[in-house]
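**Student:** Under my numbering, the final residue of the sequence shown carries the number 953; numbering is consecutive throughout. One structure follows; several queries about it will come next.
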Amino acid sequence: MGERGIPCILMRGGTSKGAYFLAADLPADRKTRDDLILRIMGSPDPRQIDGIGGAHPLTSKVAVIGPSTRADADVDYLFLQVGVGEAFVTDKQNCGNLLAGVGPFAVERGLVPAAAERTSVRIHLVNTGESATATFATPDGAVDYAEPVLLSFAAPEGKPLLPTGRVRDEIDGFRVTCVDNGMPTVVLVAADLGVSGYETPAELEADERVAERIRRIRAGALDRMGLGDAPSLPKITLLAPARDGGTVSTRTFIPVRCHEAIGVLGAVSVATALLLPGAVGADLAGPVEPGRPLRLEHPTGAVDVSVELDPGAPADRPRTRRAGLVRTARKLFEGTVHPRPSQHTASN
Ligand code: NQM
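Okay, structure coming up:
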């Protein structure tokens, strides 16, 4: 008798793709849950051939959603990054891209009733304790996936935007800004690293000198940013002047593979850094008009991010009031996923 199948919705959220589950459909015990998730996704095989993961960190993601444990939210959203080529499941980071699918999933699964035209879902981001609101079209009581999802983030409470306490640091001889507005991120100037910052992700990943420098910067930042040994943190973003009318051009390591775009909370964090006087790379940014979104160019397009700083915050302890951006999400598949059996290692 095989293991039972588990109800699952596969969704694209922004520029990522993930498996969405009701919390009640997964084991409560963390070790049992993580073992199951590795088997569902097909890890640690780098091809994830015996699972539903897409063999890249951007498509090896899981969202676990349930009724909220907090009075100020409608649902709890726990994000799990699943290793590709490595047997890890980590809850040490958020994912703003999968967040785009959380509100629609909550409506699909009846956790939140659809409002007449547009539904707003208040989401508790369990990984970091932050909160967000997703607003999306629900004509006739059903999610319209053709319409965008508006994501708005409250200011993180009790967590410094500058985890090292400084707007600039030096790591391994490189000037960097370490920032965390929802995603711990190291920002530096691409030219300092010996690249233009306009390379393709494949070109950057093939450059062994870049990989080694990124590895050393990451090792230094993990400790200084208080991230322990989080396997998918921090993100490292290289900045260059914009080339397509945007505010700045970006290339982001997550933190080994180079992102094909940029993460949502990663983009919010980079945009926040660009607004801080003295931050590394802020001088590369085109003019930032108050109240207008910043446009972060990335390898496959651009993303517009609004960040509002709190003008009352002291310069050495900056705060934001809110941040927001627009994504889309789409339900790709709904059904029952069948995990690889526990004792089964062959995939041929
Ligand atoms: O920063 C990839 C993604 C992400 C994370 C990563 C994300 C975010 O694009 O909020 O969305 O940085 O590993 O899905």
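Glycine is no exception: its CB is placed at the ideal position from the N, C-alpha and C atoms. Owing to the predicted nature of the structure, the values given are computational and were not obtained by experimental measurement.
1) Hey, how far is the Cα of HIS729 from the Cα of ALA807?
2) Kindly list the residues whose CB is nearer than 7 angstroms to the CB of VAL772, restricted to its own chain and excluding five residues on each side of it in sequence; keep chain order.
3) Could you check whether ALA747 and GLY706 sit closer than 8 angstroms to each other, using their CB atoms as the reference points?
4) Report buried or exposed for ARG897, applying the criterion of at least 16 other Cβ atoms within 10 angstroms of its Cβ.
5) Is DSSP giving PRO957 helix, strand or coil here?
6) Rounded to a whole number of angstroms, what is the C-alpha to C-alpha distance between ALA907 and ALA633?
7) Since SER681 sits in a beta bridge, which residues does DSSP pair it with?
8) GLY871 lies in the alpha helix (DSSP H); which residues open and close that run?
9) Going by DSSP in three states, GLY616 sits in which element: helix, strand or coil?
10) Pull up the distance between the alpha-carbon of THR743 and that of VAL754, whole angstroms please.
11) Return helix, strand or coil for GLY825, following the three-state DSSP convention.
12) From the DSSP output, in three-state form, read off ALA720 for me.
13) Using the beta-carbon count (16 or more within 10 Å), is THR733 buried or exposed?
14) Between which two residues does the alpha helix (DSSP H) harbouring LYS636 extend?
15) Starting from ARG900, follow its DSSP beta bridges and name the residues at the other end.
16) How would you write the range of the beta strand (DSSP E) that PHE758 sits in, first residue to last?
17) Smallest Cα separation from ALA796: which of GLY618, ARG818, THR852, THR925?
18) Got a sec: does the ligand NQM put a non-hydrogen atom nearer than 7 angstroms to the Cβ of MET788?
19) Compute every distance between the C-beta of LEU901 and the non-hydrogen atoms of the ligand NQM, then say whether any falls below 7 angstroms.
20) Does ASP888 pass the burial test, meaning 16 or more other C-beta atoms within 10 Å, or should it be called exposed?
21) Can you tell me which residues form a DSSP beta bridge with PHE710?
22) Three-state secondary structure (DSSP) at THR852?
23) How many whole angstroms separate the CB atoms of VAL873 and ASN786, which I take to be in contact at a CB cut-off of 8 angstroms?
24) Any heavy atom of the ligand NQM closer than 7 angstroms to the beta-carbon of VAL667?
25) Could you name the residues of the same chain whose beta carbon sits closer than 6 angstroms to that of THR738, not counting the 5 residues immediately before and after it, in chain order?
26) From what residue to what residue does the beta strand (DSSP E) around GLU775 run?
**Tutor:** Checking against the coordinates, here is how it stands:
1) 35 angstroms
2) THR782, LEU881, GLY883, ALA884
3) no
4) exposed
5) With the chain running from 606 to 953 in the structure shown, residue 957 is simply not present.
6) 39 angstroms
7) Before going on, a small fix: residue 681 reads as Asp here, not Ser. Answer by DSSP bridge pairing, in chain order: GLY671, HIS729.
8) 869-880
9) Here residue 616 turns out to be Met, not Gly, going by the sequence shown. Strand, per DSSP.
10) 11 angstroms
11) helix
12) coil
13) buried
14) 635-646
15) ASP909
16) 754-759
17) ARG818
18) yes
19) no
20) exposed
21) Answer by DSSP bridge pairing: none, since PHE710 is not bridged.
22) coil
23) 5 angstroms
24) no
25) SER725, ARG727, SER757
26) 774-776
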